[in-house]
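Heads up, the thing below is written out as structure tokens.
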Amino acid sequence: MNSEFRKTLPGSQLDYFDARAAVDALKPGAYDSLPYTSRVLAENLVRRCDPATLNASLGQLIERRDDLDFPWFPARVVCHDILGQTALVDLAGLRDAIADQGGDPALVNPVVPTQLIVDHSLAVECGGFDPDAFDKNRAIEDRRNEDRFHFINWTKKAFKNVDVIPPGNGIMHQINLEKMSPVIQVLDGVAFPDTCVGTDSHTPHVDALGVIAIGVGGLEAESVMLGRASWMRLPDIIGVELTGKLQPGITATDMVLALTEFLRKQKVVGAWLEFFGEGAAALTLGDRATISNMAPEYGATAAMFYIDQQTIDYLKLTGREDEQVRLVESYARHTGLWADSLKSARYERGLQFDLSSVVRNMAGPSNPHARVATSDLAAKGIAGQWSETPGQMPDGAVIIAAITSCTNTSNPRNVIAAGLLARNANKLGLTRKPWVKSSLAPGSKTVAMYLEEAGLGHELEQLGFGVVAFACTTCNGMSGALDPVIQKEIIDRDLYATAVLSGNRNFDGRIHPYAKQAFLASPPLVVAYAIAGTIRFDIEKDVLGLDANGREIRLKDIWPSDEEIDAVVKAAVKPEQFRKVYIPMFAIHEDTGPKVEPLYEWRPQSTYIRRPPYWEGALAGERSLTGMRPLAVLPDNITTDHLSPSNAIMAGSAAGEYLAKMGLPEEDFNSYATHRGDHLTAQRATFANPKLFNEMVQENGKVKQGSLARIEPEGKVTRMWEAIETYMQRKQPLIIVAGADYGQGSSRDWAAKGVRLAGVEAIVAEGFERIHRTNLVGMGVLPLEFLAGTDRKTLGIDGTETYDVIGARTPRAQLTLVINRKNGERLEVPVTCRLDTAEEVSIYEAGGVLQRFAQDFLESAVAS
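Per this note's numbering, numbering through the sequence shown is continuous, rising by one, with the last residue being 869.
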């Protein structure tokens, strides 16, 4: 702590750390040119870092140096139940490992406040046309996840600093935005900016409040939980000026899909963005949050907005205490975090985006950045001529229409627009097509309250969009089973069936196994497509139906005006709704239940929770980095959904066969995501995505699609899991060779755990998505990057080779990848070691995050 910079905040009894004084002491006037992000990071350094290294670290911010590491100490960790649970399973396993070596397991606890929200485990088995859908879905969730929830309840009592929000209460990011983030924290009489890391790539949702919140993998979150600094290099901070204003009838979803396409093209992967300008100032906090939430879809690490009057208005709207709201404004104004103080901020790179250029948009198929204007649907070959055959589903049938995800349901304008469109459709006699499984799954209970206040809840219910859950649901691939009759018709006729959702991800195979492709759309468009019933429909021009007088009804006839949307939002969304939801949710209840043992009593037959194996067997041994065989040779844009899918487990999959052997009925197989606390199930998800293209498996010169591998040196093609099992039995070290943007998508630690348990020691690719790369390091897998101009194709890699890695592993060193070809040829290829910091080298050499912590814990215990 650097006490010389500790001062009293004017007009309060609180102290603060004066980052401006510390920065300007090094270089007079430098603070005024710092971006918002750097000002928050500077305060974190002044308050938390070693006084001996403070000036050097602050100098990096001032000089914009990105070649040195500095520590960052997030104030808290937020988790959803999938990665949060697996992180806590790891900590429970770590307690076992510590106990086995004579240490005190009860001393292993998160030292940083950790909030776990159970939001990822509910499947929409009952659609929104069932009035009892919410209760039925929750009952199924509790039954299927009894093992998981038993463990989560144990963690709440066994670990210090862990708070749990039980299922049925909302989505972590929306709860974070509406309640958990105070924007300015107070601890021991000191006020400071709230910061957090979250085990989900959409954690930047609260960047809209001016809170640095970034998504990390479960392994990095574990490191932060245990009190270690999150070491980082100064990110590329890009200023994005928003100009103009949205045209009438354009939603925040349209805006963010256009921005996602634009920012992907501008190559902002890994960057921290700061949005400003007249366009940004006029956006509501809900609109800003929609932009910030989609940061991983355009590849950015953070998507910040300055603190201004919109922030203050939102804090009041969501029922924050008056004293807290005053603190946010006074702190931001005094420390240079208020928007007016950022006019002199300088960015290395600036972008400009005109909001008035946005038209009505969708995204798809398959990628969130694949924008298509609704006016261009026919030209793009999505909409087209189709004829309806009585009693049959049409080509392009929309089998799932879901208003879902924190991205859109945290924005009242989007939800109210859907409700008004539903009301207008009902008045004209329009109905949902019978094959459409429709649902409304808001990220907060407040949504149901303001819909009811506006008289729109029953309008959505009438069209089949009743509330099915307050959880992630369809956006996370938890769309549930289809009506068996509909599923049979899809299979028998080999129908091109689709999903339309207001989510943030639409990767192939994610939403539902029988939805060949999926499209992202605004909540009102989702309702419109439920009425249309097919994606082959030109939503701007085609006829949705006829009114009582035989008049044709098109989208423009039911689309609500901006004025009406705004009027309803103003009248229906109230602070007392948020207080009514969140005050009891976050009330501190004295736990009067029985105490629990510090070691978890693992259930041997559980397929959900199992003692992790990271401190034993092959994982405790050396990684030779010699004689490695390729498990897969992969193209560009491999996502974590390819590496470790999260959706429903099918009976014919390796995981399905295993669960059947363990005695689970098929109806309770649940999703891959929910089984990640059991490595024996989760291992079988590795590369289990049926949309995978492994270039080692070809037929007639064309790469064959599927979860397939080729075992070498025999050249035998098998299902991926059989290849992994074979190589594990042989103790064969493996490598993966891939293209660009390897590991994009969700912050899924099992995408790294799965390959490590399979025996993969290194991955060489043209580039890595940030979170997945850190997860690989956290599991002791070496990430290597081809130099520009070199790739698997220029090297003629076909998978028959073996590989060695030579050289000293230091941060971003140039190593040598030795390719030993089948014909005896030996090729030496320079590659970059993507251990980016000294801390990452240390973690890798220890074997991973958990092994490193166990070593440090036991050494400190001996020393004391």
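All residues carry an ideal CB built from backbone N, CA and C; glycine is no exception. It should be emphasised that the depicted structure is a prediction, and the values quoted were computed from it without experimental measurement.
Worksheet item: Mind checking whether Ser443 and Ala476 have CB atoms under 7 Å apart?
Response: To locate residue 443, count along the sequence shown from 1; it is residue 438. To locate residue 476, count along the sequence shown from 1; it is residue 471. For Ser443 and Ala476, no; Cβs fall outside 7 Å.
Worksheet item: Sorted by chain position, which residues of the same chain lie with C-beta nearer than 6 Å to Ala427's C-beta, five sequence neighbours on each side aside?
Response: On the sequence shown, residue 427 is found 422 positions in, with the first residue counted as 1. Once the five neighbours on either side are set aside, the close Cβ partners of Ala427 are Glu464, Leu465, Leu468, Val532.
Worksheet item: Does DSSP put Asp359 in a helix, a strand or coil?
Response: Counting from one through the sequence shown, the residue named residue 359 turns up at place 354. It is a strand residue.
Practice prompt. Please look up how many angstroms separate the CB atoms of Lys3 and Asp20, rounded, as I've assumed it's under 8 Å.
Written response: The chain is shown only over 6 to 869; residue 3 falls outside these bounds and no answer can be derived.
Practice prompt. From the DSSP output, in three-state form, read off His125 for me.
Written response: Within the sequence shown, residue 125 is the residue found at index 120, counting from 1. Three-state result, His125: coil.
Discussion item. Can you tell me whether Arg510 is buried or exposed? The criterion is at least 16 other CB atoms within 10 Å of its CB, across all chains shown.
Written reply: Within the sequence shown, numbered from 1, the residue matching residue 510 stands at position 505. Result: buried.
Worksheet item: Among Lys184, Phe692, Val472, which one has its Cα closest to the Cα of Phe591?
Response: Translated into the one-based positions of the sequence shown, residue 591 becomes position 586. Among Lys184, Phe692, Val472, the Cα nearest to that of Phe591 is on Lys184.
Practice prompt. Taking Gln710 as the reference, give the member of Leu214, Ile145, Phe512, Lys696 with the closest Cα.
Written response: Numbered from its first residue, the sequence shown carries residue 710 at position 705. Of the listed residues, the one whose Cα sits closest to Gln710 is Lys696.
Item to complete: Mind checking who Ala870 pairs with in its DSSP beta bridge?
Response: Lying outside 6 to 869, the shown extent of the chain, residue 870 is not represented and no answer is given.
Worksheet item: What residue does the alpha helix (DSSP H) around Leu63 start on, and which one ends it?
Response: As a working note, residue 63 is residue 58 in the sequence shown. Element bounds for Leu63: 56–68.
Worksheet item: Where does Ile654 sit, in a helix, a strand or coil, going by DSSP?
Response: Position 649 of the sequence shown, counting from 1, holds the residue named residue 654. Coil.
Discussion item. On a Cα-Cα basis, can you pick out the residue from Leu322, Pro589, Ile802, Asp95 that is closest to Lys575?
Written reply: Locating residue 575 in the sequence shown gives position 570, where the first residue counts as 1. Selected option, being the one with the closest Cα: Leu322.
Discussion item. Per DSSP, what are the beta-bridge partners of Gln710 in this structure?
Written reply: As a first step, residue 710 must be located in the sequence shown, where it is residue number 705. Phe698, per the DSSP bridge assignment.
Item to complete: May I ask you to verify whether the region 212–221 touches the region 296–309, counting CB pairs closer than 8 Å and requiring at least 3?
Response: yes
Fill in: Under 7 Å between C-beta atoms of Ala763 and Asn780
In the sequence shown, residue 763 corresponds to position 758, counting from 1. In the sequence shown, residue 780 corresponds to position 775, counting from 1. No, the Cβ-Cβ distance between Ala763 and Asn780 is not below 7 Å.
Discussion item. Which of the three DSSP states is assigned to Trp808 in this structure?
Written reply: Stepping through the sequence shown from its first residue, residue 808 is reached at position 803. Just to set this straight, residue 808 is Tyr in the shown sequence, not Trp. Strand.
Worksheet item: So the beta strand (DSSP E) Asn174 belongs to, where does it begin and stop?
Response: Residue mapping note: residue 174 aligns to position 169 of the sequence shown, counting from 1. Note, Asn174: premise wrong, no beta strand (DSSP E); not H, not E.
Practice prompt. Pull up the distance between the alpha-carbon of Ser527 and that of Arg418, whole angstroms please.
Written response: The count along the sequence shown starts at 1 and reaches residue 527 at position 522. The count along the sequence shown starts at 1 and reaches residue 418 at position 413. Cα-Cα distance, rounded: 11 Å.
Practice prompt. Please report the residue range of the alpha helix (DSSP H) in which Trp159 lies.
Written response: Mapped onto the sequence shown, residue 159 falls at position 154. Unbroken alpha helix (DSSP H) run through Trp159: 151–163.
Discussion item. Ignoring anything shorter than 4 residues, give me the alpha helix (DSSP H) runs that lie fully in the region 241–277, in order along the chain.
Written reply: 257–270
Practice prompt. Count the CB pairs spanning the region 736–743 and the region 627–636 that are closer than 8 Å, and state whether there are at least three.
Written response: yes
Practice prompt. Give a yes or no on whether the C-beta atoms belonging to Gly748 and Arg541 are separated by under 7 Å.
Written response: Looking up residue 748 in the sequence shown gives position 743. Looking up residue 541 in the sequence shown gives position 536. No.
Practice prompt. If I'm right that Ala226 touches Thr204 with Cβ under 8 Å, what's the distance once you round it to whole angstroms?
Written response: Stepping through the sequence shown from its first residue, residue 226 is reached at position 221. Stepping through the sequence shown from its first residue, residue 204 is reached at position 199. About 5 Å separates the two Cβ atoms, so the contact holds.
Worksheet item: Using CA coordinates, which residue listed in Gly175, Val188, Leu112 is at the minimum distance from Phe862?
Response: Numbered from 1 along the sequence shown, position 857 holds the residue referred to as residue 862. The option with the nearest alpha carbon to Phe862 is Leu112.
Item to complete: For Thr644, write down the residues that DSSP places opposite it in a beta bridge.
Response: Taking the first residue of the sequence shown as 1, we reach residue 644 at position 639. In the DSSP output, where bridge partners are listed per residue, Thr644 has Gln749.
Worksheet item: In angstroms, rounded to a whole number, what distance separates the CA positions of Leu425 and Val273?
Response: The residue labelled residue 425 in the question sits at position 420 within the sequence shown. The residue labelled residue 273 in the question sits at position 268 within the sequence shown. If I take the Cα positions, the gap works out to 36 Å.
Worksheet item: Do Leu435 and Ile570 have their C-beta atoms closer together than 7 Å?
Response: In the sequence shown, residue 435 corresponds to position 430, counting from 1. In the sequence shown, residue 570 corresponds to position 565, counting from 1. Going by C-beta atoms, Leu435 is not nearer than 7 Å to Ile570.
Worksheet item: Beta-carbon separation of Ala368 and Leu268 under 7 Å?
Response: Locating residue 368 in the sequence shown gives position 363, where the first residue counts as 1. Locating residue 268 in the sequence shown gives position 263, where the first residue counts as 1. Not in contact: Ala368 and Leu268 (Cβ atoms no closer than 7 Å).
Discussion item. Residues in the same chain with beta-carbon distance under 7 Å from Ala263, minus the five sequence neighbours each way, listed in chain order, please.
Written reply: For the purposes of this step, residue 263 is taken as residue 258 along the sequence shown, with counting starting at 1. Result list for Ala263: Val363, Asn366, Arg376, in chain order.
Worksheet item: In its own chain, which residues sit with a C-beta less than 6 Å from the C-beta of Ala383, not counting the 5 before and 5 after it?
Response: Taking the sequence shown and counting its residues from 1, the one referred to as residue 383 is at position 378. Same-chain partners within the cutoff: Asp543.
Practice prompt. Would you check if there are 3 or more beta carbon pairs closer than 8 Å linking the region 833–844 to the region 769–786?
Written response: yes
Worksheet item: So, Ser235 versus Trp440, is the Cβ gap smaller than 7 Å?
Response: By 1-based counting over the sequence shown, the position of residue 235 is 230. By 1-based counting over the sequence shown, the position of residue 440 is 435. In this structure, Trp440 does not lie closer than 7 Å to Ser235 by Cβ.
Worksheet entry | Arg81 to Thr119 span [Cα, whole Å] | Here residue 81 corresponds to residue number 76 of the sequence shown, with the count starting at 1. Here residue 119 corresponds to residue number 114 of the sequence shown, with the count starting at 1. About 6 Å.
Practice prompt. Determine the burial state of Ser566: buried for a count of at least 16 other Cβ atoms within 10 Å of its Cβ, exposed for fewer.
Written response: Position 561 of the sequence shown, counting from 1, holds the residue named residue 566. Burial call: exposed.
Item to complete: Let me know if Asn49 comes out buried or exposed under the rule of 16 or more other beta-carbons within 10 Å of its beta-carbon.
Response: Looking up residue 49 in the sequence shown gives position 44. Looking at its Cβ environment, which holds 16 or more other Cβ atoms inside 10 Å, Asn49 is buried.
Discussion item. Please tell me whether Val229 and Val117 are closer than 7 Å, where the distance is taken between their beta carbons.
Written reply: On the sequence shown, residue 229 is found 224 positions in, with the first residue counted as 1. On the sequence shown, residue 117 is found 112 positions in, with the first residue counted as 1. Yes, the Cβ-Cβ distance between Val229 and Val117 is below 7 Å.
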